[in-house]
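Numbering (the working numbering), first residue to last: 1 to 405. Using N, Cα and C, we set each Cβ at its ideal position, and we do this for glycine too.
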Ligand code: PLP
């Protein structure tokens, strides 16, 4: 029989968060091992239940959710998002500028499919949430990575961004708050990015899905609030801020300079129509969530469960010799560095797999986030304090053995 091959569109596409180590972990679980999973930002499975009001309203609305909706989404949730953009000082957003999706993920892929031709370049952060790099590649474009500077608290290196702009650059992706680093960008940094976009007529994609997951009383500035003369595409959703990853409720908002984007917008509308609509129960959840008050605020406030777990994991990791880590200001992750002089890791995927088989702890290797050198990993600090303490103890023991090899 002729082998059935995957499309060569997928040749340059990778998404390591659910990569080989996860397959090994599944097999180990089938064999009866208990794995501590610090690999995926899936709040509900760690006991962070979604707000009651969302669950109740979704159940009540189930009866009304059986039909297709408008392909961009129902009016009421889009109206709630419109109000949300106003709260975030994003100006000039109408109902038609709002698209609902099955999570932000679907819309990220759609936004790239609608934009890119072969050879087009998109500036994507390194490290990044790897769906962005994958979505650019799948759409036939070239992801070009700008560096986020660990020494500067993982802020984007604007000079690097500038150097990497070419006549083929179409857009800049900004993930703020950032996954995997937990960085939160200041207004000044964001203004510099806007200025670059303005000078080079680039679209700015602002992935702001963690915009309420902020520690230490920090505030989030929406990129799209900073200019009216640049095209912004802002992505957000309920997955993280409302602990509802499984409801697959996300949105995308166009704002700023839309007049020159009529053709792109037509393309987006066609892609939205082709997938008919986002799931209707998730749309109802958006309306309830944004009209309510049970977001993640109490969990990230000082003393809240997430804030405590962030502090604990950071302390335990940075107590390990040769491990340094910028303390996250936001989101659910940290991205520690392993000093290469102490831990000469050649292949960080193999390193993660060895840790998994020896200590039953699952992490994701730094190169899975398009970080070039094998000297980082991402840790999700969602498991409870006991599990986090246990996991960090196992990581410390593994690293101790690694040092002595
Ligand atoms: N953007 C970032 C930065 C993320 O971390 C994630 C999920 O982890 C997503 C987008 C996808 O979110 P959704 O669940 O809405 O598809």
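- Annotation for residue 252: the continuous beta strand (DSSP E) segment containing it runs 249-256.
- Here residue 142 is bridged, per DSSP, to 121.
- Beyond the five residues adjoining it in sequence on each side, residue 148 comes within less than 8 angstroms, by CB distance, of 125, 126, 127, 154, 155, 156, 157, 178, 181, 183 in the same chain, given in chain order.
- Uninterrupted alpha helix (DSSP H) stretches at least 4 residues long and entirely within the region 262-325 occur at 262-274, 280-291, 297-300, 305-318, given in chain order.
- Between the ligand PLP and residue 237, a heavy atom-to-CB distance of less than 6 angstroms is present.
- In the three-state reduction of the DSSP assignment, residue 370 falls in the coil class.
- By the C-beta criterion, the region 49-62 is judged not to be in contact with the region 168-178, since fewer than 3 inter-stretch pairs fall below 8 angstroms.
- Under a 10 Å Cβ-count criterion, residue 313 is classified as buried, with 16 or more other Cβ atoms of the shown protein chains found around its own Cβ.
- The region 345-360 makes no contact with the region 193-208, as fewer than three CB pairs between them are under 8 angstroms.
- In this structure residue 243 is buried. Its beta-carbon is surrounded by 16 or more other beta-carbon atoms within 10 angstroms.
- For residue 378, the enclosing beta strand (DSSP E) begins and ends at 377-380.
- Contact annotation: residue 282 and residue 248 have beta-carbon atoms nearer than 7 angstroms.
- Here DSSP, grouped into helix, strand and coil, assigns residue 165 to coil.
- With the rule of 3 Cβ pairs closer than 8 angstroms, the region 250-270 does not count as touching the region 54-70.
- The Cβ atoms of residue 398 and residue 355 lie closer than 7 angstroms to each other.
- Taking 6 angstroms as the cut-off, one finds at least one heavy atom of the ligand PLP near enough to the beta carbon of residue 104.
- With fewer than 16 other beta carbons inside 10 angstroms of its own, residue 293 counts as exposed.
- For the pair of segments examined, the region 388-403 was found not to touch the region 62-77: the number of CB pairs separated by less than 8 angstroms stays below three.
- Residue 90 sits away from residue 78, with the two beta carbons spaced by 7 angstroms or more.
- In the DSSP assignment, the residues bridged to residue 233 are 205, 254.
- The straight-line gap separating the alpha-carbon atoms of residue 394 and residue 352 is approximately 13 angstroms.
- Closest in alpha carbon position to residue 250, among 13, 46, 15, 80, is 80.
- Residue 1 sits in coil when the DSSP states are folded into three classes, being neither helix nor strand.
- Between the alpha carbons of residue 236 and residue 207 lies a gap of roughly 6 angstroms.
- Following the DSSP letters along the chain, one finds residue 84 in no beta strand (DSSP E) but inside the alpha helix (DSSP H) bounded by residues 75-87.
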